[in-house]
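Below is one structure; the comments refer to it alone.
There are 2 protein chains.
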Amino acid sequence: MVSETPPIRVLLADDQALVRGALATLLGLEPDIEVVAEVGRGDEVVSAAVQSGAHVCVLDIEMPGIDGIEATAAVRARLPGCHVLIVTTFGRPGYLKRALAAGATGFVVKDTPARQLADAVRRVHQGLRVLDPALATSSLIEGESHLTERERDVLRLALTGTTVADISVRLHLSQGTVRNYLSSAIGKTGTHTRYEAARVAQERGWL
Amino acid sequence: MVSETPPIRVLLADDQALVRGALATLLGLEPDIEVVAEVGRGDEVVSAAVQSGAHVCVLDIEMPGIDGIEATAAVRARLPGCHVLIVTTFGRPGYLKRALAAGATGFVVKDTPARQLADAVRRVHQGLRVLDPALATSSLIEGESHLTERERDVLRLALTGTTVADISVRLHLSQGTVRNYLSSAIGKTGTHTRYEAARVAQERGWL
DNA sequence: AACCGGCCGTGACAGATGTCATCCGTGTCA
DNA sequence: TGACACGGATGACATCTGTCACGGCCGGTT
Numbered sequence: 001m002v003s004e005t006p007p008i009r010v011l012l013a014d015d016q017a018l019v020r021g022a023l024a025t026l027l028g029l030e031p032d033i034e035v036v037a038e039v040g041r042g043d044e045v046v047s048a049a050v051q052s053g054a055h056v057c058v059l060d061i062e063m064p065g066i067d068g069i070e071a072t073a074a075v076r077a078r079l080p081g082c083h084v085l086i087v088t089t090f091g092r093p094g095y096l097k098r099a100l101a102a103g104a105t106g107f108v109v110k111d112t113p114a115r116q117l118a119d120a121v122r123r124v125h126q127g128l129r130v131l132d133p134a135l136a137t138s139s140l141i142e143g144e145s146h147l148t149e150r151e152r153d154v155l156r157l158a159l160t161g162t163t164v165a166d167i168s169v170r171l172h173l174s175q176g177t178v179r180n181y182l183s184s185a186i187g188k189t190g191t192h193t194r195y196e197a198a199r200v201a202q203e204r205g206w207l
Numbered sequence: 208m209v210s211e212t213p214p215i216r217v218l219l220a221d222d223q224a225l226v227r228g229a230l231a232t233l234l235g236l237e238p239d240i241e242v243v244a245e246v247g248r249g250d251e252v253v254s255a256a257v258q259s260g261a262h263v264c265v266l267d268i269e270m271p272g273i274d275g276i277e278a279t280a281a282v283r284a285r286l287p288g289c290h291v292l293i294v295t296t297f298g299r300p301g302y303l304k305r306a307l308a309a310g311a312t313g314f315v316v317k318d319t320p321a322r323q324l325a326d327a328v329r330r331v332h333q334g335l336r337v338l339d340p341a342l343a344t345s346s347l348i349e350g351e352s353h354l355t356e357r358e359r360d361v362l363r364l365a366l367t368g369t370t371v372a373d374i375s376v377r378l379h380l381s382q383g384t385v386r387n388y389l390s391s392a393i394g395k396t397g398t399h400t401r402y403e404a405a406r407v408a409q410e411r412g413w414l
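Residue numbers (our numbering), protein chains in the order written: chain Z, 1 to 207; chain P, 208 to 414.
What follows is the structure in structure tokens.
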């Protein structure tokens, strides 16, 4: 028979072993796809991609070490010929925006039907965009941060429960100033407390 | 050849289609396991279990409709011969405690290696316990709620951002009383704000 | 040069938050 | 029967939170 196209070499990264193993099994059943590496941490992605000669990296976002978006940027910098498909639980507009900025070719959420994953891998391998139009639209609308740099500074600290007093010390500002930035951020996120504001900003990818 | 044992009929419930499909593929490769139903909502579990004649239900916890623990109780009530294996992202002691109380035979987290899932299904099918000893210990220690009924009442409302004024109206208490219960709950959970207290209590399964 | 808008920064203030001391009713125990 | 512990409930109070009005600086526009 005519020579076959060599299979697409795929690296899988997900911190949940069960999910990773199941996805490896799913993709491994495709005749034209071969899972050549599996890692559970973001900071293992690049070396594993290099060693395994992966054509496509399928990355979750929330992982120990570095996250999947940071791993994406690292992979693209080190292996320009290697494409990245982000597969994540949360279809956050901010995630999509940052992932594309980091060089990801595709972005799917775990709500996607399983049979579409292999097709997404094939398309990404060919350099074609794979992403949900609704999510893209939402990213366009929500993804644009309206926070100033200082507002982001104080929200990041607020995210970890740091008091106004501590934030003012850390950023060399008066407490009134910190409260004013927090208040402004609360308004821009449409929330009622700094905790909600920080969480919403993070979900939108503004932090 | 000698007659084979009929395969174990398994129902899969997970709101993430990709994960569910991948797990179905993984389990479907086992000669003695047959995936007979897949659902994405907790409130579809019972009817699907009945229709498919499932021997084992593999349930995620966080799903639309009712959660996997409520679904467990419903399955056990309706089909006493059907065993439940909980497969969840968060190995929260409170979840384990509530799952066992609801009648689950097994409880694994998604950090488990993929190859152990089929074995877990087989063991659960035989009525054997499947759970992580470390998680069981942690559940024993943390899972016991130290909150009073009223503290739980106010924390549940605090979880959704309800103000003290609203909580006092809803529970027919004075605002001072509500603050006192919130303060007590903050102390018992070792936190600093009612938001943290509510979140920690939920994680521990105290709510 | 003058004006304007936005960001950065500040302090005053009203209202919200969490702590504390206290009281009452109920159940348990000696 | 009396003492005690506990949960439920309350209000006073110190502190914190978020809003608001304001000023300075900078860059862009007229």
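Beta carbons: idealized from backbone N, C-alpha and C, even for Gly. This one's a predicted model, so the numbers in the text were calculated from it and none came from an experiment.
| Item | Value |
| --- | --- |
| Decide if A77 (chain Z) is buried, meaning its Cβ has at least 16 other Cβ atoms within 10 Å, or exposed. | exposed |
| Rounded to the nearest angstrom, how far is the Cβ of A404 (chain P) from that of L364 (chain P), given a contact under 8 Å? | The Cβ separation is near 12 Å, so there is no contact. |
| For a cutoff of 8 Å on Cβ pairs, would you count R115 (chain Z) as touching chain P? | yes |
| If I measure Cβ to Cβ from E245 (chain P) and keep anything under 7 Å in the same chain, skipping five residues before and after, which residues do I get? | L219, R227, A231 |
| If I measure Cβ to Cβ from G205 (chain Z) and keep anything under 7 Å in the same chain, skipping five residues before and after, which residues do I get? | R92, P93, G94, Y95, K97, R98, G143 |
| For the alpha helix (DSSP H) holding T279 (chain P), just list the boundary residues, first then last. | 275–285 |
| Strictly below 8 Å CB to CB, what residues from chain Z border D318 (chain P)? | D15, Q16, A17, L18 |
| Give a yes or no on whether the C-beta atoms belonging to E237 (chain P) and A341 (chain P) are separated by under 8 Å. | no |
| List the residues of chain Z that G368 (chain P) touches, going by C-beta distances under 8 Å, in chain order. | H192, T193, E196 |
| Which bits of chain P does G42 (chain Z) rub up against, with CB to CB less than 9 Å? | Within chain P, no residue comes near G42 (chain Z); the closest Cβ sits about 16 Å away, beyond 9 Å. |
| Below 8 Å on C-beta distance, what does L286 (chain Z) contact in chain P? | With chain Z covering only 1 through 207, there is no way to say anything about residue 286 (chain Z). |
| Does T208 (chain Z) have its Cβ less than 8 Å from a Cβ in chain P? | Because chain Z spans 1 through 207 in this model, residue 208 (chain Z) falls outside it and cannot be assessed. |
| Buried or exposed: which applies to M1 (chain Z), given that a residue is buried once 16 or more other Cβ atoms fall within 10 Å of its Cβ? | Model confidence at M1 (chain Z) stands at a pLDDT of 47, short of 50, so the residue's coordinates are unreliable; what they give is reported in the following sentence. Under this definition M1 (chain Z) is an exposed residue. |
| Please report the distance separating the alpha-carbon of L100 (chain Z) from that of V46 (chain Z). | 18 Å |
| In chain order, what are the residue ranges of uninterrupted alpha helix (DSSP H) at least 4 long that sit wholly in the region 128–176 of chain Z? | 133–142, 149–159, 164–171 |
| Go ahead and pull the three-state DSSP assignment for L86 (chain Z). | For clarity, residue 86 (chain Z) is Ile in the given sequence; the question names Leu instead. Reduced to three states, the DSSP call for I86 (chain Z) is strand. |
| Along chain P, which residues have their Cβ under 7 Å away from the Cβ of T5 (chain Z)? | Correct list: empty, because the minimum Cβ distance to chain P is about 23 Å. |
| Could you give the distance in angstroms between the alpha-carbon of Q258 (chain P) and the alpha-carbon of Y402 (chain P)? | 43 Å |
| What's the gap between the Cα of V242 (chain P) and the Cα of G235 (chain P)? | 6 Å |
| CB-CB under 6 Å to K110 (chain Z), same chain, minus the five flanking residues each way: which ones, in chain order? | T89 |
| Would you mind stating whether H290 (chain P) and G334 (chain P) have Cβ atoms separated by less than 8 Å? | yes |
| Going by DSSP, which residues form a beta bridge with G156 (chain P)? | There is simply no residue 156 (chain P) to check, as chain P begins at 208 and stops at 414 in what is shown. |
| What number of angstroms, rounded off, separates the C-alpha of T279 (chain P) from the C-alpha of R150 (chain Z)? | 48 Å |
| Please work out which residues of its chain come closer than 8 Å, Cβ to Cβ, to L292 (chain P), disregarding the five sequence neighbours upstream and downstream, and give them in chain order. | V263, C264, V265, L266, A311, T312, G313, F314, V315, A327, V328, V331, V337 |
| Unbroken alpha helix (DSSP H) runs of length 4 or more, entirely within the region 1–65 of chain Z: which are they? | 17–28, 45–52 |
| Comparing the C-beta of L236 (chain P) with each C-beta of chain Z, is any distance below 8 Å? | yes |
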